[in-house]
Structures are given as structure tokens and as C-alpha cells.
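Residues in the sequence shown are numbered from 225 upward in steps of one, following our numbering. For each residue, glycine too, the CB sits at the ideal point set by N, CA and C.
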Amino acid sequence: MDPFALDVLADPIPADTAIREAAPLVWLPAHGVWAAGRHADVAGVFRDWSTWSSAAGTGLADIRRGEGWRPPSVLLDTDPPAHTGARRVMNRVLAPRALAGLAGGLAVTAEEVVDDALAVSGAAGEVDAAVDLAERFPMTVLPDAVGMAPEGREHLLPYAALNFESMGPHNTLRAEAERRAGGAREYVAWQVRREALAPDGIGAAIHAYADSGDITGDDAALLVRSFLSAGIDTTILALASVVHELARRPDQWAALHADPGLARAAFEEGLRLHTPSPVIGRTATREVAVGDAVVAPDQKVLLMLGAANRDPRRWDAPDDYDLHRRAAGHTAFGGGVHNCVGQVIARMEAEALLGALARRVARVEPAGESTPRLSNWLRGFATVPVRLTPA
Ligand code: HEM
Numbered sequence: 225m226d227p228f229a230l231d232v233l234a235d236p237i238p239a240d241t242a243i244r245e246a247a248p249l250v251w252l253p254a255h256g257v258w259a260a261g262r263h264a265d266v267a268g269v270f271r272d273w274s275t276w277s278s279a280a281g282t283g284l285a286d287i288r289r290g291e292g293w294r295p296p297s298v299l300l301d302t303d304p305p306a307h308t309g310a311r312r313v314m315n316r317v318l319a320p321r322a323l324a325g326l327a328g329g330l331a332v333t334a335e336e337v338v339d340d341a342l343a344v345s346g347a348a349g350e351v352d353a354a355v356d357l358a359e360r361f362p363m364t365v366l367p368d369a370v371g372m373a374p375e376g377r378e379h380l381l382p383y384a385a386l387n388f389e390s391m392g393p394h395n396t397l398r399a400e401a402e403r404r405a406g407g408a409r410e411y412v413a414w415q416v417r418r419e420a421l422a423p424d425g426i427g428a429a430i431h432a433y434a435d436s437g438d439i440t441g442d443d444a445a446l447l448v449r450s451f452l453s454a455g456i457d458t459t460i461l462a463l464a465s466v467v468h469e470l471a472r473r474p475d476q477w478a479a480l481h482a483d484p485g486l487a488r489a490a491f492e493e494g495l496r497l498h499t500p501s502p503v504i505g506r507t508a509t510r511e512v513a514v515g516d517a518v519v520a521p522d523q524k525v526l527l528m529l530g531a532a533n534r535d536p537r538r539w540d541a542p543d544d545y546d547l548h549r550r551a552a553g554h555t556a557f558g559g560g561v562h563n564c565v566g567q568v569i570a571r572m573e574a575e576a577l578l579g580a581l582a583r584r585v586a587r588v589e590p591a592g593e594s595t596p597r598l599s600n601w602l603r604g605f606a607t608v609p610v611r612l613t614p615a
């Protein structure tokens, strides 16, 4: 069983199911790591950061042995207390109150994006929701909110791909991401500096904490980097998956169309069913037993978030998309001290785009098969062809 084999990545649910149903912890000899697929075990690991460390990196490689592809993140790749100060800064700049001013602009841009998609759909009969809706919206609003320069944004998706593929094994997907990265690393090193960021964006707000001594200037740049790596592809994939489901579930679309206030619920259920970031690693700090397995110090455990989010022990009819279910408790944003610090902004983006879709579109129908995105560390659809009928 190799969860990173290309045929498994193209159709990952059977492997997720096999891992989850075999045992609380399964040994994956292909990579010399454990995997946990049950919701209760995944949640337990997230809660216990002192046993399950992030400091060796959350990908397959042990970054303490110099196997990392980039300077470690001061957030993702640390444990408390090192994690605490940087996280406090990010919590402040990404808190609902700090972001409230963005809501009006998000709503306006979302309506423009949906109207443009409707115009294209009218002429050609269909749009690719993965590109024309799900990609276009975050690619516009997130870089603006951070205060990134207009030039160089074409490097954002290649950089994000490099980031996520590099968390996995040295396979063809990773080699391809490295080949396509071009000048993305240099762009990111340039864009995260204080001088390259607009004075009124989230990036500048992070750098301001270097003045008060909460973090160093180098830390501030690494924190801004996390927007460029973690904040875009994940949101794009989540939005595309929701549109994929809505196009195939007329009853679910009708519910959202009738009540655009269900946009948030539609997003959470999409995150649960098609977990965009389906795997995250932790490393044991001591010998620890889980079920019948004994994990040795320094061994890695892959938390199979996608598997946990379809665990029948936790969810009724786990393979069904149902925006009326209580999807709270899904692990798509992780958990514990490292839970996704960008989840407020991701939810604001989703509510804006899916709300605009619900108001301005009467029908969403499939216009062909969606194709999976092949990735070591991301999950969702590369294309979602749909026909949109204006409201
Ligand atoms: C639907 C969209 C998103 C998904 C599915 C997602 C998923 C995740 C997950 C699973 C983690 C936990 C990592 C771990 O435990 O090691 C995480 C952490 C993180 N996310 Fe997100 N994320 C999303 C959006 C965003 C956005 C929009 C941003 C930036 C604005 C962001 C920035 C981060 C950062 C910086 C961390 C590390 C937090 C820490 O280590 O304390 N994410 N995310």
C-alpha cells in the first residue's frame, strides 16, 4: 500500500478506506512511516503536541536531518513554546475583527467573478468552475488582502505547487513541480519583504509586529511566506469541490439557491468530503502505543485527514454530500495548536463566492466529467466543467 502511488492519488478513497479500516495505526513500508485514518485517533494526535511534534516537519522528510526543501516555517514546523509567539501574531492579524473590513470588497469581487463566468458560459455553453470561479476568486482577493505587488503573481500557483509536492516523496509530481517553479523561489523571497508589501495589507500588519519586538523581521517575512504557500491552492480546491458537488446534487443546489445563507454550510461539507489538504505529518517525541502499534521516538505518523473525514464511526452516510449535516468537527483545517490560522479568511472567501453564485445563478449543471488534480499533498479537481444558467 503506497498512498503516494500515482494510481492511488488519482482515486484515493479506496486506499483511505483500507488504511482506516485495517487498524488505528498502519505501517507504510514504502515510506517508513505510520498512517492514522480514524477520526478519534487523528483528533487525539492533534491535541497532544508534546508527544506528536511538528518540529521535524509535517511532510514525509525529517527536516532536522537537513532533508527540507526550504528554510523551516516558524509556524508550521515548530512546537510550543517556539510556536506560541509567532502564532499569537498571526491570530491577531487574521482574527475575525481584524478582517471584518475585507467583507465588502470580497462581496463585490465575488459578484464580478460570477458575472464574468455567466458571460463566458452564455457564449460557449460552459465554464470550467475550477478555473473561472474557484481559482480566479482567491487569486484576486488573497494577494490583494496581503498587499502583494501586482507584478509576479504568475509565480504564486507554481510556488504553491512546489510547496505541496515537496511535502511528499521524490516522485514525478515533485520533479514536475520543481521544473515548473522557474523563478518562483526568488519571487517569494522578494515579495515577503516589508518594502515589497502595500502599507495597508495583512503582510504589512505582520511586519509591524517586528517593531514591537513580538517577532524578528526574519520571522515576519517567513510568516508572510505562509500566505503564499498555504493560503491559495487549498481554498481553490475547496471551492471547486463544492461546485462539483452542487452541480451533481440538484436538491442541494436548490437549497443553497433558496437560502444563500447556507454558503458556509456548503463549504464546510465540501471540506469534509473532499479534504483539500488530506495528509499531515507528526513525529513521535517518545515511544508511544496506539492500539496494538508501538511508535518509536522520531518515527513519523501521517494523519489521513481525508480518511478521518469519511470515518463511519464519526459520520452518518460519510460519502454523501449533505449541506444540512453538522460538518463541524471535520479535520480539514487540522486541529490543536496548529489548527489552520487562515480558516477565518478562507470561510469569508467561500461565503462571498458561494453566496454570489447562489444569488446570481439559477442552475448549475455538469458539462462533462471533473478530472482529479494529481498531487502528493493536495486533493480535489483540476477541472470542473459546468453549465451556468443566470437567475
Ligand atoms: C480551505 C482552505 C484551507 C485548508 C483546507 C487549510 C488546511 C490547513 C491544515 C490542515 C492545517 C494544519 C497543519 C498542521 O497541523 O500541521 C493548516 C495550517 C495552516 N494554514 Fe491553512 N488551510 C486553508 C486555508 C488557509 C489560508 C487562506 C491561509 C492563509 C491566509 C492558511 C494558512 C495556514 C497556516 C499559516 C497554517 C499553520 C498554522 C500553524 O502551524 O500554527 N490556510 N491549514
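For D442, I'd like the list of residues in its chain whose CB is within less than 8 Å of its CB, leaving aside the five on either flank, ordered along the chain. Result list for D442: empty, nothing under 8 Å.
Backbone secondary structure at V565 - three-state DSSP: The DSSP-derived three-state label of V565 is coil.
In terms of residues, what are the limits of the beta strand (DSSP E) holding A508? Element bounds for A508: 503-508.
Expressed to the nearest angstrom, what Euclidean distance is found between the alpha-carbon atoms of L342 and S501? In this model, L342 and S501 are separated by some 29 Å (Cα to Cα).
Using a Cβ-based criterion (distance less than 6 Å to any ligand heavy atom), does T308 qualify as near the ligand HEM? Because no heavy atom of the ligand HEM lies under 6 Å away, the Cβ of T308 does not count as near it: no.
Shorter than 6 Å, the distance from the beta carbon of H431 to the closest heavy atom of the ligand HEM, or not? No, since every heavy atom of the ligand HEM falls outside the 6 Å radius drawn around the Cβ of H431.
Which one or two residues does DSSP pair with L357 in a beta bridge? In DSSP, L357 forms no bridge with anything.
For the ligand HEM, I want to know if G392 counts as a neighbour, meaning its beta carbon is within less than 6 Å of at least one of the ligand's heavy atoms. Flag unset: Cβ of G392 not near the ligand HEM.
How long is the line joining the alpha carbons of Y383 and T282, rounded to whole angstroms? Per the coordinates, the alpha-carbon of Y383 lies some 18 Å from the alpha-carbon of T282.
Throw me the rounded Cβ distance for the R262 and R244 pair, which I believe falls under 8 Å. Their Cβ separation, rounded to whole angstroms, is 6 Å, which keeps R262 and R244 in contact under 8 Å.
Could you check what DSSP says for V467 in three-state terms: helix, strand or coil? Three-state result, V467: helix.
Is it true that the CB of R583 sits closer than 7 Å to the CB of P484? Yes; because the gap between Cβ atoms is below 7 Å, this pair is in contact.
Would you check whether the ligand HEM has a heavy atom nearer than 6 Å to the C-beta of H562? Relative to the ligand HEM, H562 has its C-beta within less than 6 Å of a heavy atom.
Report the CB separation of D457 from F388 in whole angstroms; it is logged as a contact under 8 Å. Approximately 6 Å separates the beta-carbon atoms of D457 and F388; this is inside 8 Å, confirming the contact.
Helix, strand or coil: how does DSSP classify S297 here? DSSP places S297 in coil when its eight states are reduced to three.
Tell me the DSSP bridge mates of S277? DSSP links S277 through a beta bridge to T507.
Kindly indicate which residue of S390, T459, W276, D231 has the alpha-carbon position closest to the one of P295. For the options S390, T459, W276, D231, the alpha carbon positioned closest to that of P295 is the one of S390.
Pull up the CB-CB distance for T555 and L529, whole angstroms please, since I reckon it's below 8 Å. In this structure T555 touches L529 by the C-beta definition: roughly 5 Å separates them, less than 8 Å.
Report the three-state DSSP secondary structure of E589 (helix, strand or coil). Judged by DSSP in its simplified three-state form, E589 adopts strand.
Which residues in the same chain have their Cβ closer than 6 Å to the Cβ of A385, if we skip the five residues on either side of it in sequence? In its chain, beyond the 5 residues on either side, A401 have a beta carbon closer than 6 Å to the beta carbon of A385.
Quick check: is the beta carbon of H255 nearer than 7 Å to any beta carbon in chain C? The structure shown contains no chain C; it is built from a single protein chain.
Could you check the C-alpha separation between L249 and A520 for me, to the nearest Å? L249 and A520: Cα-Cα distance of roughly 13 Å.
Does the separation of the CB atoms of A615 and V585 fall below 7 Å? In this structure, the beta-carbon distance from A615 to V585 falls below 7 Å.
To the nearest angstrom, report how far apart W539 and G292 are at their CA atoms. In this structure, the alpha-carbon of W539 lies about 36 Å from that of G292.
What span of residues does the alpha helix (DSSP H) with A606 cover, start to end? Taken as a continuous stretch (DSSP letters only), A606 belongs to no alpha helix (DSSP H), being part of the beta strand (DSSP E) at 605-607.
Pick helix, strand or coil for L342, following the three-state DSSP scheme. Helix, per DSSP.
Residue range of the unbroken beta strand (DSSP E) whose run includes V514: Unbroken beta strand (DSSP E) run through V514: 512-514.
Whole-angstrom distance between V514 and A429, CA atom to CA atom: C-alpha of A429 to C-alpha of V514: approximately 42 Å in a straight line.
Please classify E575: is it buried, with 16 or more other beta-carbons within 10 angstroms of its beta-carbon, or exposed? E575 counts as buried, since at least 16 other C-beta atoms from the protein chains shown sit within 10 angstroms of its C-beta.
Entirely within the stretch 281-336 and at least 4 residues each: give me those alpha helix (DSSP H) ranges in chain order. Taking only runs of at least 4 residues, the alpha helix (DSSP H) segments lying wholly in the stretch 281-336 are 306-317, 320-323.
Taking D303 and W273 to be in contact with their CB atoms under 8 Å, please state how far apart those CB atoms are, rounded to whole angstroms. With a Cβ gap of about 6 Å, D303 and W273 count as contacting.
Find out if the Cβ-Cβ distance for the pair G392, W601 is shorter than 7 Å. At a Cβ-Cβ threshold of 7 Å, G392 and W601 count as neighbours.
Could you tell me if the beta carbon of A462 falls within a distance shorter than 6 Å of some heavy atom in the ligand ATP? As presented, the structure is devoid of the ligand ATP, carrying the ligand HEM as its sole ligands.
Decide if G328 is buried, meaning its Cβ has at least 16 other Cβ atoms within 10 Å, or exposed. A residue is called buried when at least 16 other Cβ atoms come within 10 angstroms of its Cβ; G328 does not meet this threshold and is exposed.
Coil, strand or helix - W477 by DSSP: Looking at W477 - three-state DSSP - the assignment turns out to be helix.
Just verifying my parser: in three-state terms, what is the DSSP assignment at D543? In this structure, D543 counts as coil in the three-state DSSP scheme.
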